[in-house]
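Q: Next up is a structure, given as structure tokens.
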Amino acid sequence: INKFKIFKNYKIDKKKFSFISLNKIFIYVFMISFGCQVLQVVFIYLVSIYFESNIEFLYSLLIGPFAMAVSSLPISFGGWGVREITMIQGYDLFNINPDTALIISITIGLINLIITFGFAVIVLLLQFVKELVRANGKK
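Below you can see the structure in the form of structure tokens.
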């Protein structure tokens, strides 16, 4: 962590975390990851409802996590193209129109991009404000 300039001022005190066992950390991380995957499936389902495509929740439950996992492979820029092909082929197994699957996939990609960009801007602005406060405090 200390390699990156943005994290240079953060020191991890191992004594503060000594009460947490590795098993508890694993369980917490697993629960958070599982919750994120469930929310992603719900998100895919809600987007499909928006476009009135009548996709069943089970289809989103089967295709969504697989499409997101494949799109996270480092073979494209941000998963674009890979996610779309995976969702088109996956929903084709359930006789869903490829145009509908493409629209859903692009919408999910755009919303993920906007949310990620928004959080990145917030983090950078907070870091900038912190540096300004530190610089003004030293004068």
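Just so we're aligned, residue 263 is where the sequence shown starts under my numbering, counting upward by one. Note that CB positions come from ideal geometry on N, CA and C, so glycine has one too.
1) Please report the straight-line C-alpha distance between I306 and L323, rounded to a whole angstrom.
2) Going by the CB atoms, is the gap between S333 and G326 shorter than 8 Å?
3) What runs of the alpha helix (DSSP H), each 4 residues or longer, lie entirely inside the stretch 291-343?
4) Mapping the DSSP letters down to three states, classify N359 as helix, strand or coil.
5) One question on the structure: do I317 and I358 come within less than 8 Å of each other, judged by their Cβ atoms?
6) Thinking just about the alpha-carbon of each residue, which of Q302, F390, V383 and P336 is nearest to the one in T369?
7) Can you tell me whether V383 is buried or exposed? The criterion is at least 16 other CB atoms within 10 Å of its CB, across all chains shown.
8) If S295 and T362 are in contact, beta carbons under 8 Å, what's the gap, nearest whole angstrom?
9) How about I373 and S310: are their beta carbons less than 8 Å apart?
10) Quick check: A331 and R345, are their CB atoms within less than 8 Å of each other?
A: Let's see:
1) If you number the sequence shown from 1, residue 306 lands on position 44. If you number the sequence shown from 1, residue 323 lands on position 61. Approximately 9 Å between the Cα atoms of the pair.
2) Within the sequence shown, residue 326 is the residue found at index 64, counting from 1. Within the sequence shown, residue 333 is the residue found at index 71, counting from 1. No.
3) Every alpha helix (DSSP H) stretch that sits fully inside the stretch 291-343 and reaches 4 residues is listed by chain position as 319-333.
4) What you label residue 359 is simply residue 97 of the sequence shown in a count that begins at 1. Coil at N359, not helix or strand.
5) Taking the sequence shown and counting its residues from 1, one reaches residue 317 at position 55. Taking the sequence shown and counting its residues from 1, one reaches residue 358 at position 96. Cβ distance < 8 Å, so I317 and I358 count as in contact.
6) Along the sequence shown, one-based indexing puts residue 369 at 107. The shortest Cα separation from T369 among Q302, F390, V383 and P336 belongs to Q302.
7) As a first step, residue 383 must be located in the sequence shown, where it is residue number 121. It counts as exposed.
8) Stepping through the sequence shown from its first residue, residue 295 is reached at position 33. Stepping through the sequence shown from its first residue, residue 362 is reached at position 100. Taking the Cβ atoms as the reference, S295 lies roughly 28 Å from T362, outside the contact range of under 8 Å.
9) Counting from one through the sequence shown, the residue named residue 373 turns up at place 111. Counting from one through the sequence shown, the residue named residue 310 turns up at place 48. For I373 and S310, no; Cβs fall outside 8 Å.
10) Locating residue 331 in the sequence shown gives position 69, counting from the first residue. Locating residue 345 in the sequence shown gives position 83, counting from the first residue. Not closer than 8 Å, so no.
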